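Numbering (the numbering used here), first residue to last: 0 to 292.
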């Protein structure tokens with residue numbers, strides 16, 4: 000009954016660079032002008048991204064608690080800046096304690112010399128950048144209030160807000176509108192080969208390790224259902240996925256442990272493999288996009 004399910008998801012593909020880029024989503028060729036992007040509609044299911052003669056496979060799926068995300072094909076640098084908001088009566092000492100916790104050592108090149116510089120920011124350059132992992136309050140296309148203090152009028156102690164920046168915008172924030180010569184202050188650009196990017200994979204299950212026959216058969220069916228899922232697209236994918244992660248299905252999975260007892264599975268081989276597999280599913284439960292092998 001996939002026709003009744005929402006079958007797609009729109010995601011922004013960003014190009015913050017000074018040059019036009021060309022890429023392919025599946026067999027669809029896209030040209031993205033410099034310092035712009037495109038809003039792209041993805042059917043749920045498996046997709047490929049081809050850029051700079053490299054190809055990456057990723058999944059687009061439903062997620063109940065999923066947040067916003069975008070695609071960064073050039074692996075450009077983005078920054079999540081911490082903004083510390085404090086109550087008016089906060090002492091400098093108290094403020095400094097909080098501020099120090101937000102500092103990270105960011106690699107920079109100053110006048111040709113590479114070093115680490117403490118900044119209240121996190122640098123990210125993944126191909127898929129998800130708010131779920133990086134927790135920003137304001138995206139790169141959202142303006143902060145004119146007075147940051149307005150954000151904290153209800154703050155009783157401390158509050159931390161986070162703003163996402165493209166690299167050029169973050170440099171302007173750090174150095175002012177008159178950004179110095181790029182050779183004087185730059186952040187290293189270090190894209191990885193797609194083949195080396197960290198990828199998600201389901202836990203590998205060796206059915207022969209499961210000595211309990213009813214549990215082994217249940218696990219085989221479970222693996223078959225998940226393998227079949229990735230042959231589907233759009234609403235069919237959504238319908239099948241939502242069933243596989245439903246409360247009823249989770250209850251069935253938990254109840255299946257009763258198939259294996261101390262008598263037929265003294266080493267708890269089924270419990271160990273089921274737990275491992277379900278954990279790998281839960282690892283990506285709350286994201287809409289993730290890279291796979």
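Positions of the beta carbon are idealized from the N, C-alpha and C atoms, including for glycine.
None of the values given here were measured: they were computed from a predicted structure.
What three-state label does DSSP hand residue i in the structure shown?
i, result
"residue 84", "strand"
"residue 188", "coil"
"residue 37", "strand"
"residue 139", "coil"
"residue 232", "coil"
"residue 0", "With a pLDDT of 41 at residue 0, under the threshold of 50, the predicted position of this residue should be treated as unreliable, though the coordinate-derived value follows. DSSP places residue 0 in coil when its eight states are reduced to three."
"residue 162", "strand"
"residue 75", "coil"
"residue 210", "coil"
"residue 296", "Any property of residue 296 remains undetermined from this structure, which presents the chain solely from 0 to 292."
"residue 279", "helix"
"residue 220", "helix"
Measure the CB-CB distance between residue i and residue j and report whether it falls below 8 Å.
i, j, result
"residue 321", "residue 37", "Because the chain in this structure spans residues 0 to 292, residue 321 falls outside the shown range and cannot be described."
"residue 294", "residue 117", "For the chain, the structure presents residues 0 to 292; residue 294 sits outside this window and is missing."
"residue 80", "residue 164", "yes"
"residue 20", "residue 76", "no"
"residue 82", "residue 39", "no"
"residue 159", "residue 248", "no"
"residue 119", "residue 85", "no"
"residue 258", "residue 211", "yes"
"residue 269", "residue 209", "yes"
"residue 78", "residue 169", "yes"
"residue 42", "residue 6", "yes"
"residue 292", "residue 198", "yes"
"residue 228", "residue 245", "no"
Let me check one thing: in DSSP terms, what residues is residue i bridge-paired to?
i, result
"residue 291", "56, 199"
"residue 46", "57"
"residue 268", "The partner list for residue 268 (beta bridge, DSSP) is empty, contrary to what the question assumes."
"residue 120", "80"
"residue 105", "116"
"residue 8", "41"
"residue 215", "DSSP, once it has assigned bridges, lists no residue as partnering residue 215."
"residue 99", "According to DSSP, which records beta bridges pairwise, residue 99 is partnered with nothing at all."
"residue 30", "21"
"residue 14", "35"
"residue 129", "68"
"residue 157", "85"
Among the options, which residue has its Cα nearest to the Cα of residue i?
i, options, result
"residue 293", "285, 61, 252", "Residue 293 is absent from the model: the chain starts at 0 and stops at 292."
"residue 233", "138, 44, 18, 68", "44"
"residue 8", "34, 69, 22", "69"
"residue 141", "276, 162, 220, 282", "162"
"residue 107", "143, 188, 32", "188"
"residue 278", "88, 55, 201, 191", "201"
"residue 222", "237, 205, 238, 235", "205"
"residue 194", "217, 67, 56, 262", "56"
"residue 24", "32, 10, 33", "10"
"residue 129", "264, 255, 62", "62"
"residue 262", "254, 48, 112, 213", "213"
"residue 255", "52, 220, 54, 192", "220"
"residue 156", "112, 241, 48, 93", "93"
"residue 192", "235, 225, 236, 49", "49"
Below 8 Å on the Cβ atoms is my contact criterion, and I expect residue i with residue j to pass it. Report the Cβ-Cβ distance as a whole number of Å.
i, j, result
"residue 288", "residue 59", "5 Å"
"residue 186", "residue 166", "6 Å"
"residue 30", "residue 73", "So it is not a contact: roughly 14 Å between Cβ atoms."
"residue 286", "residue 131", "5 Å"
"residue 109", "residue 184", "6 Å"
"residue 71", "residue 124", "7 Å"
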